[in-house]
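**Student:**
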Amino acid sequence: MKRILLTVLLSFLLVGCSDVYSESDSSPILDKEFIEANAKIGQTKDEVEEIFGTEYFAGEGEFETNEVWVYDKVNDDFEYEKSIQRVPFDAIREGNVDYQLYINFVEDEAFMYLYIYRGEDGELWQYQVNPDGTTQDKKM
Numbered sequence: 001m002k003r004i005l006l007t008v009l010l011s012f013l014l015v016g017c018s019d020v021y022s023e024s025d026s027s028p029i030l031d032k033e034f035i036e037a038n039a040k041i042g043q044t045k046d047e048v049e050e051i052f053g054t055e056y057f058a059g060e061g062e063f064e065t066n067e068v069w070v071y072d073k074v075n076d077d078f079e080y081e082k083s084i085q086r087v088p089f090d091a092i093r094e095g096n097v098d099y100q101l102y103i104n105f106v107e108d109e110a111f112m113y114l115y116i117y118r119g120e121d122g123e124l125w126q127y128q129v130n131p132d133g134t135t136q137d138k139k140m
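Heads up: the sequence shown at position 17 corresponds to 17 in our numbering, and the numbers run straight through without jumps.
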């Protein structure tokens with residue numbers, strides 16, 4: 001009986017440790033692999049929040065039917081002016097901001113994803129999911 005109980009307990013611990021969510025909160029860890037696996041054109045705002053979390057800032061795009069959500073990960077006590085129209089390239093390059101994920105919505109459906117991050121080479125990269133579903137990953 002003790003052996004079964006120990007096995008069940010270890011199973012719960014392993015499942016809990018394999019989650020894509022960070023320990024400090026319930027937000028997912030938005031690394032490039034997570035974006036590749038989960039960013040889909042046509043997702044509704046509710047679906048995006050369910051997958052990517054609710055910790056984002058938003059604003060209207062160029063057109064009335066266009067809205068932009070931005071997810072980011074800011075390190076330590078670093079603060080910057082959050083804007084849907086300006087990427088903090090220097091802050092990402094310097095490691096103060098780990099990434100920014102821009103999601104463009106048209107008529108409440110995801111139209112495009114743009115993930116800006118610092119690569120292992122120390123350079124800035126962008127991973128993009130285009131409106132037609134094709135992807136690009138290139139150095140900026």
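For each residue, glycine too, the CB sits at the ideal point set by N, CA and C.
(1) Between which two residues does the beta strand (DSSP E) holding residue 118 run?
(2) Would you check if the distance between the CB atom of residue 102 and the CB atom of residue 129 is smaller than 8 Å?
(3) Less than 8 Å between the CB atoms is what I'm expecting for residue 98 and residue 75, so what's the real figure, rounded?
(4) Under three-state DSSP, which class holds residue 81?
(5) Express the C-alpha separation of residue 137 and residue 32 in angstroms, rounding to a whole number.
(6) Using the C-alpha atoms, what's the distance from residue 113 back to residue 104?
**Tutor:** Walking through what the data contain:
(1) 109–118
(2) no
(3) 7 Å
(4) coil
(5) 10 Å
(6) 6 Å
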